[in-house]
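Residue numbers for the sequence shown follow my numbering, beginning at 2 and rising by one. Step one of this worksheet: look at the structure below.
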Amino acid sequence: LPEEEQYTSETTGKEITTIGNKWSDFQIREYKANAQPYYVLLDADGNRLNEPTAYDPDIESYLNWLEEGIKNYK
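In structure tokens:
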């Protein structure tokens, strides 16, 4: 990150100096999680459409999660 965008995280107390640090800090602050991948479905206004979820290798479970988000968007 450019020097003027670097900061100390209020959540972790760590120095945020890279784009990766910035998005990791955002994820911890907003969703109380720091998993990769971590899925969050949002509408155009930034409202959550369903509960966020971490990686799940069960295809049917992931598909159900996506469909729930789509249903809540309509």
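Note that CB positions come from ideal geometry on N, CA and C, so glycine has one too.
(message) Taking the alpha-carbon of K75 as reference, which of G14, L43, S62, P58 has the nearest alpha-carbon?
(response) L43
(message) Using C-beta distances below 7 Å, list every residue in its chain close to G21, excluding the 5 sequence neighbours before and after it, in chain order.
(response) none
(message) On the CB-based measure, 16 or more other CB atoms within 10 Å of its CB, does I17 come out buried or exposed?
(response) buried
(request) Could you please give the first and the last residue of the uninterrupted alpha helix (DSSP H) stretch that includes N48? (result) Premise fails: N48 is in no alpha helix (DSSP H) and is neither H nor E.
(message) Rounded to whole angstroms, what is the Cα-Cα separation between D59 and G47?
(response) 27 Å
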